[in-house]
Structure formats: structure tokens, C-alpha cells
Amino acid sequence: MSSLSIRTSRGTYEVLVGAGFLAKEISAQTAVIVDPAVRLTTPGRTPVIAFEAHEGVKTLAGVERVLISMHEAGVRRGSSLGAVGGGVIQDVATLASSIYMRGINWTYAPTTMMAMLDSCIGGKSSINVAGIKNLVGNIYPPERVIVDVSVAQSLPIEARIAGYAEAAKICFAGGSASFDQFLALAPTAAQFASDTHMEESILLTKHVLKVKQWFIETDEFDRQERLILNFGHTFAHALESALDFALPHGVAVAIGMAAAIRYNDPRTSASRALDDYVAGMARQLPGDFSGRLAHPDWERFQRALESDKKGSAAYLRFVLAAQDGSLSLQERDRSRTTIEDATAAARQALEDFTRRVGEQT
Ligand SMILES: NC(=O)c1ccc[n+]([C@@H]2O[C@H](COP(=O)([O-])OP(=O)(O)OC[C@H]3O[C@@H](n4cnc5c(N)ncnc54)[C@H](O)[C@@H]3O)[C@@H](O)[C@H]2O)c1
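Taking the numbering used here, the leading residue of the sequence shown gets 27, the next gets one more, and so forth.
And the structure:
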């Protein structure tokens with residue numbers, strides 16, 4: 027087992043990365059919120075708060091339900107809460123821990139590839155309010171993060187691909203050396219579907235989290251450097267809207283990165299390698315996945331693009347690559363040409379991705 031120490035304005039927390047140690051570690055908590063989809067047996071008598079994870083419960087009512095269960099489970103000011111699950115559990119547990127008795131310690135164990143490789147460090151919470159996704163949130167890092175890569179074995183292929191897409195994005199944003207190392211450690215396209223080797227998974231997870239560590243320590247509150255991690259996201263959010271949220275967010279990010287490359291890219295060897303990696307992901311998705319990509323509403327895409335929250339009254343903002351391969355936040359005027367060019371890039375990326383779905387190498 028190995029660890030990283032993440033520095034924040036509230037102190038330092040440890041991230042343990044290993045395999046097969048989750049149940050023992052988490053049983054030291056006063057109570058544990060667990061996504062029932064995760065196969066976990068906690069030894070001892072630790073009270074378990076089962077919380078089925080989906081967008082519909084990532085709400086203030088869902089948080090209140092958890093707060094009441096915490097009280098019933100005997101959680102007090104000096105207690106520590108455990109949280110075991112993907113991004114939904116993380117979001118709810120972060121906010122609940124931050125406000126319960128004005129804030130208690132908590133330990134997070136991510137169980138989806140996205141959460142293991144990306145969201146588990148950074149300390150953010152986002153809660154849906156009035157049907158608006160991620161409208162409310164805060165930053166309240168856990169006391170400890172336990173990444174047990176063996177837990178990811180039960181995830182379906184599309185959830186794995188969604189996680190690798192976010193990981194590829196982080197390492198691409200980290201520069202050519204970090205992206206080369208990602209490509210050397212990450213599963214090849216042909217390996218996505220098979221069970222991953224634990225040691226390789228641990229090495230990959232450590233690498234990706236280390237690259238992300240630089241961003242979150244340099245810019246804890248998401249004001250400058252960390253914004254680069256939105257690479258592909260302007261396109262991804264608009265595509266999710268155009269496809270009526272029929273695909274996992276990380277898969278939308280994969281297509282969004284391919285769109286950003288088609289929109290404005292100096293075609294460096296790194297961006298070509300990223301584009302190839304995205305194509306390899308598409309090939310590993312089952313053929314019937316293409317049905318979910320079949321009917322984009324391009325008007326809805328354009329409305330979503332125009333209301334992107336990074337934009338200002340005069341400009342749309344995209345994270346795009348420069349000639350030297352580095353990423354930066356770039357402005358484009360809010361003209362018809364900008365919207366049409368961005369739509370054409372997304373359309374091309376989506377067509378290329380869809381064509382490759384299920385096309386085995
Ligand atoms: N807080 C952050 O920094 C942050 C960052 C990115 C995304 N998010 C949020 O995270 C959410 C998405 O999270 P996610 O992609 O991790 O998925 P999730 O938590 O929504 O879980 C997706 C599905 O996978 C199941 N699942 C979880 N772990 C499993 C396992 N080991 N085996 C089998 N099934 C399992 C869940 O029950 C659920 O059905 C979104 O709401 C998004 O807004 C938060």
C-alpha cells in the first residue's frame with residue numbers, strides 16, 4: 027500500500043492506494059454511508075447507512091436524510107464518518123460532513139473509476155437543487171481517502187471507460203511527460219473489457235492522482251490552473267444536453283476532448299495520441315451503445331454551449347491546446363461563426379466516435 031499527502035488550507039490528508047484493504051480500514055469509522063451497489067462487508071458492528079446512488083437523491087433532501095441517519099447511528103462531534111461509493115456518495119457525504127454539528131471528520135473510499143482516478147481528491151461537493159445540476163456545493167476535504175482498486179472490478183465497461191477518459195484528460199493537462207506515462211501505464215484499448223491487473227491499476231491510480239495533486243494544491247479554489255482540467259468539458263456538457271444525458275459523463279468528456287481537438291488544435295503528437303486513445307475507447311463499447319448517441323439535438327447543443335458558465339457576455343471560453351501542447355483557457359467572441367465552428371467540431375467528433383463503437387481492433 028502506498029500513499030500521497032495532499033496539502034489544503036485546512037491541513038493535510040492522506041490518500042492510501044492499494045487493493046483488498048477497504049473493509050478493514052473503513053470499519054474504524056463511527057458509521058459508514060455505503061452505496062448498496064458496492065460489494066462490501068464491514069467487519070465488526072459499524073452502523074451502515076445504505077444510500078442508493080443516483081442523481082435524483084443528490085439533493086438537499088437526500089443530504090437531510092443522511093444527516094438524520096447519522097444522528098440515529100450515534101455520530102457525534104468527535105466522530106468520523108465513512109463514505110463508500112462513487113461521485114454521488116462523495117457529493118452527499120462531503121456536504122453532510124461539513125455541516126453536521128458544524129463539521130466532523132470523514133473518510134472517503136471511492137468505488138467508481140471516475141471517483142478513484144479523479145474526484146476523490148479535491149474536496150468538492152455539488153448538490154442538485156430545483157432540478158439544476160450541481161447548483162449548490164462547497165469544499166470540505168476528507169481526513170483520509172482510501173482507494174481500493176479491487177472494488178472497481180464490478181463496474182460495467184462504460185463506467186471504466188468514463189474513468190479512464192477523465193484520467194487521460196488530467197494527464198494530458200499535466201503535460202507531455204505525464205501523458206506519455208499515462209499511456210504507458212493505462213490499459214490499452216484491447217484491455218478495457220478484461221479484468222485489470224491490481225498492481226498495474228495501483229501504479230496508474232497513483233500516477234493520475236499525483237498529476238491531479240499539482241493542480242489542486244496550486245489552485246485549491248478553482249480560480250486559475252485548475253480550470254485547465256475543464257478540457258473537453260464545454261463540449262461534453264453541451265453534448266450531454268443534446269443527447270438527453272443518455273451517456274455517462276466521462277464518455278461525454280472523451281468525445282468532448284475529441285471535439286476540442288477538431289475545433290482548434292495544432293495537431294501535436296500528444297493530441298494525436300489522445301485522439302487515438304479516445305477512438306480505442308469507442309471500439310470497446312458494445313455495439314448497442316451507439317443507439318444512445320444516435321439522435322443529438324444540435325439546437326439544444328448550441329443553447330447549452332451559449333449558456334456555458336465559463337463564458338461572459340461577450341465571449342465563450344474553451345480550454346484549448348497551444349502549439350507547444352500546453353492547454354489554456356481561450357476566448358472566442360459570441361458570434362454565429364464561433365457557434366457553428368464548435369458545432370461542426372462536435373458533430374465530427376461524435377460521428378467518428380459512433381462509427382468506431384463496437385468496431386473491434
Ligand atoms: N465531487 C466532485 O469532485 C465530483 C467530480 C466529478 C463528478 N461528480 C459527481 O459525481 C457523480 C457521478 O459519479 P460517478 O460517475 O462516480 O457515479 P455514481 O456515484 O453516480 O455511480 C454510478 C453507478 O455506479 C454504481 N456503482 C458505484 N460503485 C460501483 C461499483 N464498485 N460496482 C458496481 N456499481 C457501482 C452506482 O450505484 C450507480 O448506479 C455526478 O453526480 C457528478 O456530478 C462529483
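Where a beta carbon is used, it is the ideal one built from N, C-alpha and C, also for glycine.
Consider the C-beta atom of residue i and the heavy atoms of ligand 1; say whether any pair is separated by less than 7 Å.
i, result
"Ser124", "no"
"Lys150", "yes"
"Ala141", "yes"
"Asp245", "no"
"His80", "yes"
"Asp314", "no"
"Asn164", "no"
"Ile115", "yes"
"Asn160", "yes"
"Ala203", "no"
"Thr85", "no"
"Asp301", "no"
"His275", "yes"
"Val64", "yes"
"Asp248", "no"
"Ala191", "no"
"Ser180", "yes"
"Gly258", "no"
For residue i, count neighbouring C-beta atoms within 10 Å of its own C-beta (all shown protein chains included) and say buried if the count is 16 or more, exposed if not.
i, result
"Gly104", "exposed"
"Gln328", "buried"
"Thr133", "buried"
"Met140", "buried"
"Pro136", "buried"
"Ala203", "exposed"
"Lys159", "exposed"
"Asp302", "exposed"
"Phe247", "exposed"
"Gly306", "buried"
"Asn154", "buried"
"Glu81", "exposed"
"Pro182", "exposed"
"Lys84", "buried"
"Lys335", "exposed"
"Gln116", "buried"
"Ala372", "buried"
"Glu192", "buried"
"Pro322", "buried"
"Arg288", "buried"
"Ala348", "exposed"
Secondary structure at residue i, three-state DSSP: helix, strand or coil?
i, result
"Tyr190", "helix"
"Leu181", "coil"
"Ala76", "strand"
"Asn160", "strand"
"Asn131", "strand"
"Val101", "coil"
"Thr137", "coil"
"Tyr166", "coil"
"Glu325", "helix"
"Asp359", "strand"
"Ser354", "strand"
"Asp291", "coil"
"Val118", "helix"
"Asp174", "strand"
"Arg309", "helix"
"Ala199", "helix"
"Arg318", "helix"
"Val345", "strand"
"Thr85", "strand"
"Ile153", "strand"
"Arg33", "strand"
The stretch 228-237 / the stretch 246-262 touching (three or more Cβ pairs under 8 Å): no
Completely contained alpha helix (DSSP H) runs for the stretch 229-276, where each covers 4 or more residues: 259-268
Every unbroken beta strand (DSSP E) inside the stretch 35-69 [3 residues or more]: 37-44 and 57-60
Cβ pair count under 8 Å reaching 3, the stretch 177-195 against the stretch 307-316: yes
Segment contact flag, the stretch 44-57 with the stretch 95-109, C-beta cutoff 8 Å, min 3 pairs: yes
Meets three-Cβ-pair contact criterion under 8 Å: the stretch 140-152 and the stretch 163-173: yes
Three or more C-beta pairs below 8 Å linking the stretch 115-122 and the stretch 205-215: no
Stretch pair the stretch 263-274 + the stretch 339-359: three plus CB contacts closer than 8 Å: no
The stretch 191-203 in contact with the stretch 231-245 per 3-pair CB rule at 8 Å: yes
Three-pair Cβ contact test at 8 Å for the stretch 337-350 versus the stretch 359-378: yes
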